[in-house]
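The sequence shown: position 203 = 202 (numbering that gives the first Met the number 0), numbered continuously. The structure appears below as structure tokens.
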Amino acid sequence: MDELSDVKFKCPECGGERFVEDHERAELTCLGCGLVVREKMVDTGPEWRAFDLKQYSRRARIGAPLTHTIHDRGLSTIINLSLKDSTSKELSPTKRLQIYRLIKQQQRTRVSSALDRNLTYALSELDRIGSQLELPKNVLEEAALIYRRAVSEKLVRGRSIESMVTASLYAACKKFKLPRTLDEVAAVARVKKREIGRAYRFLLRRTSAKVSFVTPVKYVPKIVSKLGLPGEVQAEAIKILEKASEAGLTSGRGPMGVVAAAVYIASILLQHKCKKCKQKDVAIAANVTEVTIRNRYKEIMERLDFIVEL
Numbered sequence: 000m001d002e003l004s005d006v007k008f009k010c011p012e013c014g015g016e017r018f019v020e021d022h023e024r025a026e027l028t029c030l031g032c033g034l035v036v037r038e039k040m041v042d043t044g045p046e047w048r049a050f051d052l053k054q055y056s057r058r059a060r061i062g063a064p065l066t067h068t069i070h071d072r073g074l075s076t077i078i079n080l081s082l083k084d085s086t087s088k089e090l091s092p093t094k095r096l097q098i099y100r101l102i103k104q105q106q107r108t109r110v111s112s113a114l115d116r117n118l119t120y121a122l123s124e125l126d127r128i129g130s131q132l133e134l135p136k137n138v139l140e141e142a143a144l145i146y147r148r149a150v151s152e153k154l155v156r157g158r159s160i161e162s163m164v165t166a167s168l169y170a171a172c173k174k175f176k177l178p179r180t181l182d183e184v185a186a187v188a189r190v191k192k193r194e195i196g197r198a199y200r201f202l203l204r205r206t207s208a209k210v211s212f213v214t215p216v217k218y219v220p221k222i223v224s225k226l227g228l229p230g231e232v233q234a235e236a237i238k239i240l241e242k243a244s245e246a247g248l249t250s251g252r253g254p255m256g257v258v259a260a261a262v263y264i265a266s267i268l269l270q271h272k273c274k275k276c277k278q279k280d281v282a283i284a285a286n287v288t289e290v291t292i293r294n295r296y297k298e299i300m301e302r303l304d305f306i307v308e309l
């Protein structure tokens, strides 16, 4: 219970001005006569408690959340370009010119150093690639964090910003086991695939970025969806991939080629439930060549115990 003495009303029973607030019962009671002045009060304060300033700042949720995808982590403010004042009246030409100058100066202040300019361009490029690849927010945050570490360790010198940003994004996809191939990332990037691969390997050697191995099974739903095949084909392709992995047929080979061959085999095995896919269609969906599918198909057929006619 908290005693309140600065309430701007009086008790209707005794005229007292001292009250006590009961948080458990949500009541406001007069200390003079015990009359419940208010009941079913709504607590507008936070639902958590803090015992020091550090704990308060950590638990407080005021303002926009911090993000690594903005060069200043979203801490700066922006002057709103409005042609009206607080009373909704049109501004005079002199006031408009003054606001334009303030906005321009504020933008210069936000991006004043070379580091800010580097991060501004790099993170805008990161946002563009992530948008085209339809990547989730947590992957973009991790990619921005990887790039920031590379900048702080001066690893970007002598390399293009585009290649390092794309490599950071590819590493973030690997960390979260997101099925995105280097070809897919390079297709929307502004640098060549070879340069991205070189920057990616450099990042892994020089930073503490940890990536995970994306199993070929992760790529199956995407290819099946592109081909418009039913779920039975996806389940069968996953079984084939699991057997191929146990037989050691997936190591040292491109995952998309093995996945494409497994989906192709599954579509033939279940052609009584769905249409039989052509190698050309599967190759386009998986972004591999028909020769690759045939090679992976032959390897799987030689080791596994079922036969499928091409």
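C-beta atoms are modelled at their ideal positions from N, C-alpha and C, and glycine is treated no differently. From a predicted model like this one, the values you see are computed outputs, not experimental measurements.
- Under the three-state reduction of DSSP output, D280 falls in the helix class.
- Nearest to A149 by C-alpha distance, out of K136, Q97 and V164, is V164.
- Close CB contacts of Y120 within its chain, under the 8 Å cut and outside five residues either way in sequence, are with I160 (chain order).
- Nearest in C-alpha terms to L203, of all of K39, S167, L114 and E231, is S167.
- Short of 7 Å from the beta carbon of A208, and not among the five residues preceding or following it, lie these beta carbons of its own chain, in chain order: I145, A170 and L202.
- DSSP lists L27 as the bridge partner or partners of R37.
- Annotation for P64: no residue places its beta carbon closer than 6 Å to its own, counting only its chain and skipping 5 residues before and after.
- Under the 10 Å beta carbon count, C32 is surrounded by fewer than 16 other beta carbons and is classified as exposed.
- The shortest C-alpha to C-alpha distance from A186 to any of S123, R200 and R127 is the one to R127.
- In this structure, the beta-carbon distance from V223 to L240 does not fall below 8 Å.
- Counting the other Cβ atoms within 10 Å of the Cβ of F8 gives fewer than 16, which makes it exposed.
- For V138, the uninterrupted alpha helix (DSSP H) run begins and ends at K136 to S151, by DSSP.
- The continuous alpha helix (DSSP H) containing D126 extends over residues A113 to L132.
- Pairing D280 with L226, the inter-Cα distance amounts to about 7 Å.
- Per the C-alpha coordinates, the member of E194, K238, P178 and K192 positioned closest to Y218 is P178.
- The region 270 to 285 and the region 234 to 249 do not touch, with fewer than 3 CB-CB distances between them shorter than 8 Å.
- In its own chain, leaving out the 5 sequence neighbours on each side, no residue places its CB closer than 8 Å to the CB of F50.
- Between the C-alpha atoms of N286 and Y263 there is a straight-line separation of about 14 Å.
- Under DSSP, K83 takes part in a beta bridge, and its partners are E89.
- For L268, the uninterrupted alpha helix (DSSP H) run begins and ends at P254 to L268, by DSSP.
- If you draw a straight line from the Cα of A113 to the Cα of R72, it is about 16 Å long.
- Between C10 and V36, the C-beta gap is smaller than 8 Å, which places the two residues in contact.
- One alpha carbon belongs to K94, the other to L101, and they sit about 10 Å apart.
- Assignment of R293 by DSSP, reduced to helix, strand and coil, places it in the helix class.
- The C-alpha of T108 is placed about 29 Å away from the C-alpha of T86.
- Ranked by Cα distance from L125, the options K83, R189 and L74 are led by R189.
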